[in-house]
Structures are given as structure tokens and as C-alpha cells.
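S.K.: The opening residue of the sequence shown carries number 1 in the UniProt record's numbering; numbering runs sequentially from there. All residues carry an ideal CB built from backbone N, CA and C; glycine is no exception. Take a look at this one; I'll ask things after.
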Amino acid sequence: MIYSPQMSSTNAAGVETGGGVDDRGSGPNARPASVNFTLWIETVEYKVLAQWPSSAPSDSPLEVMHQGIKIVLHRPDEVSEDRVITVRVTELQYAQMVLLDFGRLSWPHPSYATLRPEVVVVPKDHEAWEERLRRESG
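Below you can see the structure in the form of C-alpha cells.
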């Protein structure tokens, strides 16, 4: 589930933005004619199974790989059984289109990426634990 996306977009052709395209002189290389860049910052919710081995001490953290992210879970003392928790992660996605000029030929060069953290730590007092505890006690 994805929620609260924020988006920014710019077209840097002929605009001094403090970044963008750098044409470093002559030669056989293409000249960058324009850049269009769109950025999304969003919070993504992942459902993660918190399932400790029966032999694990109650205070030992659990490492779970989920969608390429290592999630380190520290379970509260009052949680003894396995459960699915919701972990929120901020991700950045971008799309960039550079128009390269090869003299009489222009060629688009697109780039797309999603950047997410390598490790997310869920401490004992994290809201993901409280969500289920509230439902169980109420």
C-alpha cells in the first residue's frame, strides 16, 4: 500500500537551477539539449511477519528480508506470539529524460530508479507494535 506521495518536476532546458546538464566542451560526444526530471517521495507500507524461532531469547532482535530491505525487529516484552506488523518506509522514485544532441540527430536517454533504505530498524516502542496491542486490549 502506498500513501502520501509528494511529487516535484522540472524541465531544466535554458534554466539556471543549480544543477542539471553540464556540457564539457567539444569532441565526438553528444551535447545535452534538455533535461526533464520528476521526483516522487512516498511512504510505503510493508506487511512483515514477525516470527521468532522458539529457541531465540525474548530480547534478541529478528532480521527479516522483505522486498530487498533488511528489517530488524526488536519485540516488546509484552509480545510473545508471532504476528504480522505494518512497517512504513520512505522511498524516493525518479524519472529523468535527457535529450542528447548528436549534431543533426537528437536521442532521448531515459533513467528511472527507486531508492529505498537498505536497513530499517523497528524498536520495541515502534508504532507497528502498538497497533496490534491496542486491538488486542480493546
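Nearest to residue 32 by CA position, among 73, 82, 109, 66, is which residue?
M.R.: Nearest C-alpha to residue 32: 109.
S.K.: To the nearest angstrom, how far is the alpha carbon of residue 119 from that of residue 104?
M.R.: Their backbone Cα atoms lie some 47 Å apart in a straight line.
S.K.: By the DSSP assignment, the beta strand (DSSP E) with residue 101 in it spans what residues?
M.R.: That run of the beta strand (DSSP E) goes 83-102.
S.K.: Beta-carbon separation of residue 72 and residue 63 under 9 Å?
M.R.: Yes. Within cutoff.
S.K.: Within a Cβ cutoff of 6 Å, which residues of the same chain sit near residue 107, ignoring the five residues on either side of it in sequence?
M.R.: Only 100 meet the Cβ criterion.
S.K.: Does residue 60 come out as helix, strand or coil in the three-state DSSP assignment?
M.R.: Correct three-state label for residue 60: coil.
S.K.: In whole angstroms, what separates the C-alpha of residue 122 from that of residue 116?
M.R.: Those two C-alpha atoms are separated by around 16 Å.
S.K.: Among 29, 91, 59, which one has its Cα closest to the Cα of residue 69?
M.R.: Residue 91 is the option with its Cα nearest to residue 69.
S.K.: Please report the Cβ distance between residue 29 and residue 97, rounded to the nearest whole angstrom; I am assuming they are in contact, meaning their Cβ atoms lie under 8 Å.
M.R.: The pair is not a contact, with the Cβ atoms about 18 Å apart (cut-off 8 Å).
S.K.: What's the call for residue 128, buried or exposed, on a 16-neighbour Cβ count within 10 Å?
M.R.: The residue is buried, with at least 16 neighbouring Cβ atoms inside 10 Å.
S.K.: Quick check: the Cα distance between residue 95 and residue 43, rounded to an integer number of angstroms?
M.R.: Residue 95 and residue 43: Cα-Cα distance of roughly 18 Å.
S.K.: Going by alpha carbons, who is nearest to residue 202 out of 53, 130, 114?
M.R.: There is no way to answer for residue 202, as the model of the chain reaches only from 1 to 138.
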